[in-house]
Amino acid sequence: MISSKVKQMIQRQQIIIVGSADKSGLSNVSPRTSFYIDQDGSIYWLELFKHKTFRNFQKNSWCSVAIFDKKKLSGYQLKGKIKIISDKKTKQEIAIKIIDKLTRLHRQRILKYTNNKIPNVIKFTTKVVYSLNPNELADSPLELDANNESMKAANMQW
Numbered sequence: 087m088i089s090s091k092v093k094q095m096i097q098r099q100q101i102i103i104v105g106s107a108d109k110s111g112l113s114n115v116s117p118r119t120s121f122y123i124d125q126d127g128s129i130y131w132l133e134l135f136k137h138k139t140f141r142n143f144q145k146n147s148w149c150s151v152a153i154f155d156k157k158k159l160s161g162y163q164l165k166g167k168i169k170i171i172s173d174k175k176t177k178q179e180i181a182i183k184i185i186d187k188l189t190r191l192h193r194q195r196i197l198k199y200t201n202n203k204i205p206n207v208i209k210f211t212t213k214v215v216y217s218l219n220p221n222e223l224a225d226s227p228l229e230l231d232a233n234n235e236s237m238k239a240a241n242m243q244w
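Rendered as structure tokens:
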């Protein structure tokens, strides 16, 4: 559900900032540089550690992803839901797609961290897109998956 403009920015910047929250609402943000965007706009990334973000995902599937272009002072915040991929075949296929596009040094680091095992893979599905541009209304969604859950997340009503 993300526009080609958003996809292009993600691919150009090569980094996404992932925000999660635990059950009490305490937030956590962390960068991801090992990711893949599917044709349908889903973003998959490797979850290398089982620390705060991963624990948050096990209890709360809502997540924010921020991307930005520092030079142009523009960016987007994507709000949506994650799914921890459990099917081994799917997990391996996606992990290989992600790892194959990494630089040699980055790939070596990933494989070292994971002891050559397939790491956890997260699938993010966008429900709402906001602008992070200073000259646009940041509280009005640019894109919205119009269902009750997404409308509630965007603080909107039918």
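So for the sequence shown, the numbering used here puts the first residue at 87; every next one is plus one.
Glycine included, every Cβ here is placed at the ideal spot set by N, Cα and C.
Only a predicted model underlies this, so the values are computations on that prediction, with no experimental measurement involved.
Residue i vs residue j beta-carbon contact at 8 Å
i: G105; j: T212; result: no
Straight-line gap, residue i to residue j (C-alpha atoms, nearest Å)
i: V151; j: I171; result: 18 Å
i: K169; j: R195; result: 25 Å
i: T176; j: E133; result: 15 Å
i: P220; j: K203; result: 42 Å
i: K174; j: L191; result: 26 Å
i: D186; j: R193; result: 8 Å
i: S89; j: W131; result: 19 Å
i: G166; j: L197; result: 29 Å
i: F43; j: L218; result: Limits of the chain in this structure are 87 at one end and 244 at the other, which puts residue 43 out of reach.
i: D313; j: L164; result: Nothing can be reported for residue 313: it is not among the residues displayed for the chain, which extend from 87 to 244.
i: T119; j: I184; result: 10 Å
i: K138; j: W148; result: 14 Å
Residue i, DSSP secondary structure in three states
i: F135; result: coil
i: L197; result: helix
i: T212; result: strand
i: K91; result: helix
i: K177; result: helix
i: D108; result: coil
i: L164; result: strand
Neighbourhood of residue i by C-beta distance below 7 Å, restricted to the same chain and skipping five residues each side
i: K145; result: D108, K109
i: V92; result: Y162, V215
i: I180; result: Y122, Y130, I171, V207
Cβ neighbours of residue i in the same chain (closer than 8 Å, five flanking residues each side left out)
i: Q99; result: I153, F154, D155
i: N83; result: Only positions 87 to 244 of the chain appear in the structure, and residue 83 is not among them; the question remains open.
i: P117; result: I101, I102, I103, V104
i: P205; result: L132, E133, L134, A181, I196, Y199
Cβ pair count under 8 Å reaching 3, the segment 155-162 against the segment 111-131: Touching, no.
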